[in-house]
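Accompanying notes for the structure given below.
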Amino acid sequence: MKSKLIIAIDGPAAAGKGTLARRLAHHFGLPHLDTGLLYRAVARRMLDEGADPADGAAAEATARALDPAETERNDLRTPEVDRAASLVAAEPRVRAALRAFQREFAAARGAVMDGRDIGTVIFPAAPVKLFVTARPEARAERRFRELAGRGIPADEEAVAAEIAERDAQDANRPVGPLRRAEDALLIDTTGLDPDQVFTAALEKIAARIASHA
Ligand code: CDP
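Using my numbering, read the sequence shown as starting at 45 and increasing by one per residue.
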């Protein structure tokens, strides 16, 4: 029996993982999970309840009680939630609490999953892994435009500083840090539009699948 395809996409903030993941999911007919939304939903709920996102025990309890439907809230992509999500994501008990859901998501039909530790921790045996990145200036500019497009006032330098801080926090935590898996294909999206990123990814994926067939 042909095994189910799992495409693991990791990379730093605002590198273009989500856009690419959605397009690949559509192309391959696979379900897509943006795993950042799980951490964002935990953070959002804690902020709503006046809890401290740095409180590990409270964060774990929130993660264990999370209803996946909460990832569909439309208030998860704010600068406040960016910061709080990175804090709760540094807590090993939160990562452990969200692990089973992520693995089960891909069990029936395979999946395209994007996050920080998909190719290293969640699916270390995924046949296709992509590490999507871009120069910090390009990522900051994208996030700035995205916020402006949604009417959220922002300052470009502040956005750049927040992204740098969050990347450092994500890369330096002891459990599930942001890191390129050794067998991940590198895609640098600096200066590329979504179509060009998609085409580059498809070429690399086709070559990887052919070499595994
Ligand atoms: O959209 P953006 O790249 O800015 O962030 P995201 O993918 O929604 O992730 C938000 C935060 O969740 C990150 O800063 C990480 O701290 C955390 N995260 C994680 O730790 N592990 C994942 N698999 C996905 C996200």
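Heads up, the beta-carbon is just placed ideally off N, CA and C, and yes, glycines get one too. Treat the numbers as computed from the prediction; the structure is a model and nothing was measured.
What's the call for residue i, buried or exposed, on a 16-neighbour Cβ count within 10 Å?
{"i": "D199", "result": "exposed"}
{"i": "T243", "result": "exposed"}
{"i": "H256", "result": "exposed"}
{"i": "I196", "result": "exposed"}
Residue j and residue i - do their beta-carbons sit closer together than 9 Å?
{"i": "A52", "j": "F149", "result": "no"}
{"i": "V241", "j": "I253", "result": "no"}
{"i": "L263", "j": "Q213", "result": "Because the chain spans 45 through 257 in this model, residue 263 falls outside it and cannot be assessed."}
{"i": "R139", "j": "V203", "result": "no"}
{"i": "P97", "j": "A103", "result": "yes"}
{"i": "R84", "j": "R143", "result": "no"}
{"i": "A133", "j": "R217", "result": "yes"}
{"i": "A107", "j": "A141", "result": "yes"}
{"i": "L64", "j": "A245", "result": "yes"}
Suppose the cutoff is 7 Å on Cβ atoms and the five residues either side in sequence are ignored; what does the same chain contact list for residue i look like?
{"i": "G100", "result": "E135, R137"}
{"i": "G163", "result": "A52, D54, A170, K173, A225, A228"}
{"i": "K61", "result": "I53, G55, D158, V176"}
Pick from the options: whose alpha carbon is nearest that of residue i?
{"i": "S47", "options": "R183, D92, R153", "result": "R153"}
{"i": "R183", "options": "D161, A208, G159, R160", "result": "A208"}
{"i": "R147", "options": "D119, A202, T79", "result": "T79"}
{"i": "L222", "options": "V86, L49, A59", "result": "A59"}
{"i": "L74", "options": "R143, L49, A245", "result": "L49"}
{"i": "G159", "options": "R89, A215, A102", "result": "A215"}
Ignore the nearest five residues each way along the sequence and tell me which others in residue i's own chain have a CB closer than 6 Å to its CB.
{"i": "A69", "result": "H76, V156"}
Starting from the C-beta of residue i, find all residues in its chain whose C-beta is less than 8 Å away, skip the five residues before and the five after it, and write them out in chain order.
{"i": "E206", "result": "P123, D126, R127"}
{"i": "R210", "result": "A57, D126, R127, S130"}
Flag this pair as touching only if the stretch 180-189 and the stretch 108-116 have three or more C-beta atom pairs under 8 Å; answer yes or no.
-> Using a C-beta cut-off of 8 Å, the stretch 180-189 makes no contact with the stretch 108-116, since fewer than three inter-stretch Cβ pairs fall below that distance.
Three or more C-beta pairs closer than 8 Å, one from the stretch 167-179 and one from the stretch 221-240: is that the case here?
-> The stretch 167-179, when compared against the stretch 221-240, does touch it at the 8 Å Cβ threshold.
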